[in-house]
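Visitor: Top line first, the protein sequences correspond to chains A and B. Okay, so the first sequence: first residue is 0 according to numbering that gives the first Met the number 0, each after it adds one. Okay, so the second sequence: first residue is 0 according to numbering that gives the first Met the number 0, each after it adds one. Dropping a structure here in C-alpha cells format, bear with me for questions.
There are 2 protein chains.
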Amino acid sequence: MYFPYRLSLLYWGLSRSIGKTTQRIWGSFSKNLVLSSQTRRPEFNSFIARTNTCGELRSSHLGQEVILCGWIQYRRQNIFLVLRDFHGLVQVVIPQDESAASVKKILCEAPMESVLQVYGTVISRPPGQENPMMPTGEIEIKVKTAELLNPCKKLPFEIKDFVKKTEALRLQYRYLDLRSFQMQYNLRLRSQMVMKMREYLCNLHGFVDIETPTLFKKTPGGAKEFVVASREPGKFYTLPQSPQQFKQLLMVGGLDRYFQVARCYRDEGSRPDRQPEFTQIDIEMSFVDQSGIQSLIEGLLQYSWPNDKDTVVVPFPSMTFAEALATYGTDKPDTRFGMKIVDISDVFRNTKIGFLQDALTKPQGTIKAICIPEGAKSLKRKDFEFIRKFAVDHFNQEVLPVFLKGSRNQNSPVAKFIMEEQRLELIRLMEIQEDDVILLTVGEHKKAVRSQHYDLVLNGSEIGGGSIRIHNAELQHYILATLLKEDVKLLSHLLQALDCGAPPHGGIALGLDRLMCLVTGAASIRDVIAFPKSFRGHDLMSNAPDYIPPEDLRPYHIQVSWPTDSEAAKSSLNHPTHQQS
Amino acid sequence: MYFPYRLSLLYWGLSRSIGKTTQRIWGSFSKNLVLSSQTRRPEFNSFIARTNTCGELRSSHLGQEVILCGWIQYRRQNIFLVLRDFHGLVQVVIPQDESAASVKKILCEAPMESVLQVYGTVISRPPGQENPMMPTGEIEIKVKTAELLNPCKKLPFEIKDFVKKTEALRLQYRYLDLRSFQMQYNLRLRSQMVMKMREYLCNLHGFVDIETPTLFKKTPGGAKEFVVASREPGKFYTLPQSPQQFKQLLMVGGLDRYFQVARCYRDEGSRPDRQPEFTQIDIEMSFVDQSGIQSLIEGLLQYSWPNDKDTVVVPFPSMTFAEALATYGTDKPDTRFGMKIVDISDVFRNTKIGFLQDALTKPQGTIKAICIPEGAKSLKRKDFEFIRKFAVDHFNQEVLPVFLKGSRNQNSPVAKFIMEEQRLELIRLMEIQEDDVILLTVGEHKKAVRSQHYDLVLNGSEIGGGSIRIHNAELQHYILATLLKEDVKLLSHLLQALDCGAPPHGGIALGLDRLMCLVTGAASIRDVIAFPKSFRGHDLMSNAPDYIPPEDLRPYHIQVSWPTDSEAAKSSLNHPTHQQS
Numbered sequence: 000m001y002f003p004y005r006l007s008l009l010y011w012g013l014s015r016s017i018g019k020t021t022q023r024i025w026g027s028f029s030k031n032l033v034l035s036s037q038t039r040r041p042e043f044n045s046f047i048a049r050t051n052t053c054g055e056l057r058s059s060h061l062g063q064e065v066i067l068c069g070w071i072q073y074r075r076q077n078i079f080l081v082l083r084d085f086h087g088l089v090q091v092v093i094p095q096d097e098s099a100a101s102v103k104k105i106l107c108e109a110p111m112e113s114v115l116q117v118y119g120t121v122i123s124r125p126p127g128q129e130n131p132m133m134p135t136g137e138i139e140i141k142v143k144t145a146e147l148l149n150p151c152k153k154l155p156f157e158i159k160d161f162v163k164k165t166e167a168l169r170l171q172y173r174y175l176d177l178r179s180f181q182m183q184y185n186l187r188l189r190s191q192m193v194m195k196m197r198e199y200l201c202n203l204h205g206f207v208d209i210e211t212p213t214l215f216k217k218t219p220g221g222a223k224e225f226v227v228a229s230r231e232p233g234k235f236y237t238l239p240q241s242p243q244q245f246k247q248l249l250m251v252g253g254l255d256r257y258f259q260v261a262r263c264y265r266d267e268g269s270r271p272d273r274q275p276e277f278t279q280i281d282i283e284m285s286f287v288d289q290s291g292i293q294s295l296i297e298g299l300l301q302y303s304w305p306n307d308k309d310t311v312v313v314p315f316p317s318m319t320f321a322e323a324l325a326t327y328g329t330d331k332p333d334t335r336f337g338m339k340i341v342d343i344s345d346v347f348r349n350t351k352i353g354f355l356q357d358a359l360t361k362p363q364g365t366i367k368a369i370c371i372p373e374g375a376k377s378l379k380r381k382d383f384e385f386i387r388k389f390a391v392d393h394f395n396q397e398v399l400p401v402f403l404k405g406s407r408n409q410n411s412p413v414a415k416f417i418m419e420e421q422r423l424e425l426i427r428l429m430e431i432q433e434d435d436v437i438l439l440t441v442g443e444h445k446k447a448v449r450s451q452h453y454d455l456v457l458n459g460s461e462i463g464g465g466s467i468r469i470h471n472a473e474l475q476h477y478i479l480a481t482l483l484k485e486d487v488k489l490l491s492h493l494l495q496a497l498d499c500g501a502p503p504h505g506g507i508a509l510g511l512d513r514l515m516c517l518v519t520g521a522a523s524i525r526d527v528i529a530f531p532k533s534f535r536g537h538d539l540m541s542n543a544p545d546y547i548p549p550e551d552l553r554p555y556h557i558q559v560s561w562p563t564d565s566e567a568a569k570s571s572l573n574h575p576t577h578q579q580s
Numbered sequence: 000m001y002f003p004y005r006l007s008l009l010y011w012g013l014s015r016s017i018g019k020t021t022q023r024i025w026g027s028f029s030k031n032l033v034l035s036s037q038t039r040r041p042e043f044n045s046f047i048a049r050t051n052t053c054g055e056l057r058s059s060h061l062g063q064e065v066i067l068c069g070w071i072q073y074r075r076q077n078i079f080l081v082l083r084d085f086h087g088l089v090q091v092v093i094p095q096d097e098s099a100a101s102v103k104k105i106l107c108e109a110p111m112e113s114v115l116q117v118y119g120t121v122i123s124r125p126p127g128q129e130n131p132m133m134p135t136g137e138i139e140i141k142v143k144t145a146e147l148l149n150p151c152k153k154l155p156f157e158i159k160d161f162v163k164k165t166e167a168l169r170l171q172y173r174y175l176d177l178r179s180f181q182m183q184y185n186l187r188l189r190s191q192m193v194m195k196m197r198e199y200l201c202n203l204h205g206f207v208d209i210e211t212p213t214l215f216k217k218t219p220g221g222a223k224e225f226v227v228a229s230r231e232p233g234k235f236y237t238l239p240q241s242p243q244q245f246k247q248l249l250m251v252g253g254l255d256r257y258f259q260v261a262r263c264y265r266d267e268g269s270r271p272d273r274q275p276e277f278t279q280i281d282i283e284m285s286f287v288d289q290s291g292i293q294s295l296i297e298g299l300l301q302y303s304w305p306n307d308k309d310t311v312v313v314p315f316p317s318m319t320f321a322e323a324l325a326t327y328g329t330d331k332p333d334t335r336f337g338m339k340i341v342d343i344s345d346v347f348r349n350t351k352i353g354f355l356q357d358a359l360t361k362p363q364g365t366i367k368a369i370c371i372p373e374g375a376k377s378l379k380r381k382d383f384e385f386i387r388k389f390a391v392d393h394f395n396q397e398v399l400p401v402f403l404k405g406s407r408n409q410n411s412p413v414a415k416f417i418m419e420e421q422r423l424e425l426i427r428l429m430e431i432q433e434d435d436v437i438l439l440t441v442g443e444h445k446k447a448v449r450s451q452h453y454d455l456v457l458n459g460s461e462i463g464g465g466s467i468r469i470h471n472a473e474l475q476h477y478i479l480a481t482l483l484k485e486d487v488k489l490l491s492h493l494l495q496a497l498d499c500g501a502p503p504h505g506g507i508a509l510g511l512d513r514l515m516c517l518v519t520g521a522a523s524i525r526d527v528i529a530f531p532k533s534f535r536g537h538d539l540m541s542n543a544p545d546y547i548p549p550e551d552l553r554p555y556h557i558q559v560s561w562p563t564d565s566e567a568a569k570s571s572l573n574h575p576t577h578q579q580s
C-alpha cells in the first residue's frame, strides 16, 4: 500500500450479520453444492465410471443400478457400511449369503477410509429403519460387486475424531483434513463465489481478466517483499505485494476494465492470520469516480453472495474516515455492535483530574469514551493491558478502563477521582448497566487531509481498499519525491507512462481469504485456503521452507550468511518456543 | 515433469489448421468482443461517465446524445479528429464557429494520444463521405463540449508506426504497445477463452477451482526451480514448476474434480519463447481413466474455442507414441504436413554403402526417410546443417539429405552410391517430385516401455500433457527410489498420503500461453502475455531483475557471491552480445 494519496480514507460498511456455519454434518451438504442463482446443476459424474454421487440418492432412484465410488466412513457389525464422497453419505448393505462371500470379504475387511467402488441397486430401507436426519436416509444400496480401489494402510489419527486435533496436526496431514465436511464446504463455496464474481465482471460488465507478473522488481517502501535470486550476479526479482503498478499500466494501455484473481506476497514474518501469499480480487477501471467503484462493488457482492446466507442489501451504508473514527474509534467499524464512541468532554469541564484538565485546555482537546457491555465480566486484566498498549502503539493515545458500577475499581485508579455527579452523568449519558465498563481516551481531535481512498469494511474487518489514482505525472512525482521521500527512480516507468496519455482511473482490491473467512464463519483464514502456511510461514505438510544444498545456490550467485551464536540466540528470543509452528 | 511413470507416451493431435489473424485494423474489432456462444453482450459503459464506446456507434444511434472517452488517434487539418477506445474508432467533427472557440482549441491543440472526453450528438456523415471500411463510417460526432482529461506529453515513438518497432522497444514501452489492435485482441480473446473454460469446468462439470501455494519446497529433480529466501537462516522456499503434488494431494483429500489456472515457474535461463513464469490450465480428477481425460479435453476445447476460428472436431485423432515417432519422426506431430516417415530398409537390403549395411545387420536396424516437398528449392545448406545437428544432439541419429532428382547432388555425398534401381524404387515408394529432397536416417527401432502418459499436440506444438497417476505408495516409492534414484525424503508426504486411501486419479495440464499463441496466430508467446519477460528473463519496462542493496538481503541471511573476473568473462561468452535482451 505504498501509494501516497492514501492519506485519508472514506469508508463504507456492509453491516450484515453473518454468523457461523452451523451445518457441520455431511448430510446437509447437498443443497450447498449449487448456488441457487445458477440455473443448471453441474454434472458430477461425467468422464468417469460412477453413475451417481453417494450423497444424491433418494427414493426417486429406487430400482436404479448404480456405480458409486467413495471412502469407507464407518461399518456396523459387518452388516452395514457407510460410503462417503464429497457429496454426502450412503448406506451400503453388506451381503450375507454364501454366494457373495468374496464381496462380503472386501466390504468387511477393508480398513476405514479405504477407497471402494460398489455396483448395486438402490432399494428402500425396511420400514422403521429410515433415517430422517440423513438426506439419503430412505434408501440403501444392495451390492452386486465391489472393488477395493485402494486400501487405507495407516492413518495418523481417526478421521472421525478429527475436529479435536490441534491445528498443527491438521496442517501436517492436510490431505486428510480436506476430507472433513467443513473444508469441503469452505473450498467449494470459495470456488463458486469466485466463479460468480467472474461472471459478473467478465460476462455482465466487460472486464478483462489479465494475468500480471509475479517476478517483478523492488517497489518504493517494499520492505516486506520476498526476493528471488536470478542467474545474474547480484540481481533479484521480488514477489509483488499487489499488481498495483501493472493494473495502472494496463489503464494507460487502454485495457480500460481489468480484473484479476491475483496472487500477492507479503513477508511479514510471524503473524497470526496472515499468509505469506494471499489472494486479491483486483479491479481497476478507467474513467470512473468513487461512486462508480462503490456501485461496482455493491453489484459484485450482491451477485456473488451465497444464497444460503443473508442477502446483501445495497447501497452499503458509507461514512467518512472522520465519522468512522469519531463514532466507532476505528477505521474498521463493526456496526453490528452498539459500542459508539461518545464525546464526554463536557462532563469533565470542571474535573480536578490533572491529565483530563490538561487535555481540555488544548485547542481541540477532547475526552471520549466507549462503553463495553458486560465488559467487567468478559474482559480480564490482560485484555485491558492489550487494549492500552494497542492504543499507545497505534494511535499514541492513552486508554483507561473505568468501572462506574460494580466492584472492580481496583483496576481503575482514575475512578476514585471521578466525582459522584460526574459518575451519574456518565451513567446517564452512556446508558451504563451493571458490569459495563467504559474505556476513556484523551486526545486532540486532529483535522484528517482528505484523499480519494476508500475501504470496504465488513463486520469490523477491512476486506477491501482502493482509491481514485493520481493520473497526473507531475503531481505523482511531487508526492513520491517531496512528500514521501521515496526513490522515484524505482517508479520511473510508471511516471513516464502517466505522461503518455494516462486516462483517469481508479480501482479496488478485495482480500479474498478474509472475505471467505467472514462468509463461511471460519475461525481463521487457514480454514478457507487449501494448503495454508502456519503462522510462522511454514508448510507443515511438506516442511517448507527447507535447507537446500550450497550447490543449488551457486547458479544464483548467493550464499547463506549464517548468523553468529549471539545473533541466533537473539533471534530465538523473538520467536518464543511456545510459538511452535 | 518429474513423475517417473512418464516413461512412454500416448499422443493425440488436434489437427486443425488455424492460420494467422488477418484482421489487423481497429474497425473489425467489434465483432470479436463477444464470443457468439455467449448470449448476452457485456455492458461496457456501466459505472462510468461515458454513454457509449467509440467503436459501437452506427446509423441506429443517429440523433442520440453521447458521452465518449478515448485517445486521439489522428487529426485531419483541424477539421476532423478520430477518437479511439478499445472498441474501435469514431470520427469527431471539430466545430468551426466562433461560439465554440474553446472546444475547438482543445480539440486542435491536444497532442496525439491525449485522453479526451467529448459530449455531442451522433449525426450522419454528409453524402459521399461515408467510409464503408470503418464500422462507424456512416456517422460522426457533432461536439458540444470537450474536456482534455490528460494531455499526452511525450511519446518515445509514434504509435501509428508502432508495428515497425523492435520487440525490445515494444517491451520497454509495453503500456503503449498494449494500445495496438493486436494486443487488445489477443488479451481480450485470452480472457474470454479462459472464462469459457471455467464455465465448462465449474458450471457444467462440477470442478472446483482451488488455489495452491507457490511458495513451496524443492522437488526431486527440481534443478530449474527459483529459490526464495526466507527469514530463517539457510531455509528457502522454491517456486514450483507445476501444482503436481498439490493436485494429487487434493485427490487424496476428496476434492475429486480440481482445476486451476495456475501460475508456474521454471528457471531455464535464456531461451527464446519460454517465460520464467507461465500459466497452465491444470486439471485433475479421481476415478478417471485415459479415455475420460480425452473426452474432458475434447469437450473443453470445443466449448471454449473462439467462434471466429475453425470449429473443433471431436474426437481428436489419437496415436501412440510409437506410431507418432514411426510416422512423423517426432512426438509432436504436425499432421497438417504430409511428410510421413517411410521405412525404406527393404530398398537397401543389397546396398554396398557401408554404414547402411552395418545398420541393417543389427537386430532392429532400420533405414527410414522423410520427403520434403520442394526442399531442394526451399532449404539451404545451413538448414540441412541445422537438421543434422539437431538429430545428432536430440536423438543421437545421423540424418543425411539425398536429392534423387534435380541437380543439387553436390551436397549429398551418399547419392552417388545409390544404385539406379534403388533410386527409381525410392522415387516410386515416396512419390518424389522434381526438387523434392529426402532426409535419410539410420538407426535401431527400440521397444518403448508403455505408461499411461498422454500429450495433446496441436499443429506440431505440444500444448498439453498428463497421465493416469500411480496411486499405490509402494509402486511409487519403488520407481522414485530404485528406478530414478531420487531422494524420496523430499516426497515423503506424498508417499504417506498415497497410503491413506488415495483414489485412482489422473489429469492433464494445458500450456495456456502456447495454446493462445496458436489460437491467435501470434508469432511469439510474448504477444499473448500482457507483461512478458524478454528471452533473457528481463522485464525491459521496469528493469527487473535488479540490484538490491545488501541491507535488504540481511533479513534473509543471504549475500551475493560476486563472480571473479574470469568467471564473469566466461559467463558473458555464454550470453553473446547480439542476444541483447
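The beta carbon of each residue, even a glycine, is placed where N, CA and C say it ideally should be.
Tell me whether Val142/B is buried or exposed, calling it buried when 16 or more other Cβ atoms sit within 10 Å of its Cβ.
Guide: Under a 10 Å Cβ-count criterion, Val142/B is classified as buried, with 16 or more other Cβ atoms of the shown protein chains found around its own Cβ.
Visitor: In three-state DSSP terms, what is Leu177/B?
Guide: Leu177/B falls in the coil class under three-state DSSP.
Visitor: Could you pull the start and end residues of the beta strand (DSSP E) that Ser123/A belongs to?
Guide: Start and end: Val114 to Ser123.
Visitor: Closer than 7 Å to a non-hydrogen atom of the ligand NAD - does that hold for the CB of Gly220/B?
Guide: In the structure on display, the ligand NAD does not appear, and there are no ligands present to speak of.
Visitor: Report the residue from Arg262/B, Leu295/B and Tyr184/B whose alpha carbon sits nearest the alpha carbon of Gly520/B.
Guide: Checking every option, the nearest Cα to that of Gly520/B belongs to Tyr184/B.
Visitor: Around the C-beta of Arg427/A, are 16 or more other C-beta atoms found within 10 angstroms, so that it is buried, or is it exposed?
Guide: exposed
Visitor: For Lys376/B, which residues in the same chain have their Cβ closer than 6 Å to its Cβ, ignoring the five residues on either side in sequence?
Guide: Asp434
Visitor: Exposed or buried, what is Asp357/B when buried is set at 16 or more other beta-carbons lying within 10 Å of its beta-carbon?
Guide: exposed
Visitor: With a threshold of 16 other CB atoms inside 10 Å of the CB of Ser58/B, please say whether the residue is buried or exposed.
Guide: exposed
Visitor: What are the residues of the region 535 to 547 of chain B that lie near chain A, defined by any Cβ-Cβ distance shorter than 8 Å?
Guide: Gly536, Asp538, Met540, Ser541, Asn542, Ala543, Pro544, Asp545, Tyr546 and Ile547
Visitor: What residue does the beta strand (DSSP E) around Cys263/A start on, and which one ends it?
Guide: DSSP places Cys263/A inside the beta strand (DSSP E), whose first and last residues are Arg256 to Tyr264.
Visitor: Name the two residues that bound the continuous alpha helix (DSSP H) containing Gln243/B.
Guide: Gln243 to Val251
Visitor: Pick helix, strand or coil for His470/B, following the three-state DSSP scheme.
Guide: Coil.
Visitor: May I ask you to list the residues that DSSP assigns as paired with Tyr546/B?
Guide: Lys234/A
Visitor: Give the list of continuous beta strand (DSSP E) stretches no shorter than 3 residues that lie fully inside the region 485 to 539 of chain A.
Guide: 504 to 510
Visitor: Give me the Cα-Cα distance between Ile340/B and Val346/B, rounded to the nearest whole angstrom.
Guide: 15 Å
Visitor: Using a C-beta cutoff of 8 Å, does Gly26/A count as contacting chain B?
Guide: The predicted position of Gly26/A is uncertain, since its pLDDT is 42 and thus under 50; no value can be drawn from it.
Visitor: How big is the Cα-Cα spacing for Leu249/B and Arg535/A?
Guide: 23 Å
Visitor: Specify whether the region 186 to 194 of chain B and the region 299 to 315 of chain B touch according to this definition: at least 3 beta carbon pairs, one from each stretch, less than 8 Å apart.
Guide: Contact holds: three or more Cβ-Cβ distances are below 8 Å.
Visitor: Start and end of the beta strand (DSSP E) containing Val401/A?
Guide: Val398 to Val401
Visitor: Under the DSSP definition of a beta bridge, which residues are partnered with Cys68/B?
Guide: For Cys68/B, which the question treats as bridged, DSSP gives the partners Gln116/B.
Visitor: Return the Cβ separation of Gln279/A and Ser241/A in integer angstroms, given the expectation that the two are a contact with Cβ distance under 8 Å.
Guide: 6 Å
Visitor: At least one CB of chain B closer than 8 Å to the CB of Val518/A: is that the case?
Guide: No, no contact with chain B.
Visitor: For Arg23/B, name the three-state secondary structure that DSSP assigns.
Guide: Any answer about Arg23/B is weak, because its pLDDT of 37 lies below 50 and its placement is not dependable; what the coordinates show is given next. In the structure shown, Arg23/B sits in coil (DSSP, three-state: anything other than H, G, I, E or B).
Visitor: Taking the alpha-carbon of Ile47/B as reference, which of Leu539/A, Leu295/A, Glu397/A and Pro41/A has the nearest alpha-carbon?
Guide: Leu295/A
Visitor: Just mark Gly353/B as buried or exposed, buried being the case when its beta carbon has 16 or more other beta carbons within 10 Å.
Guide: exposed
Visitor: Residues in the same chain with beta-carbon distance under 7 Å from Leu147/A, minus the five sequence neighbours each way, listed in chain order, please.
Guide: Ile105, Ala109, Ser113 and Leu115
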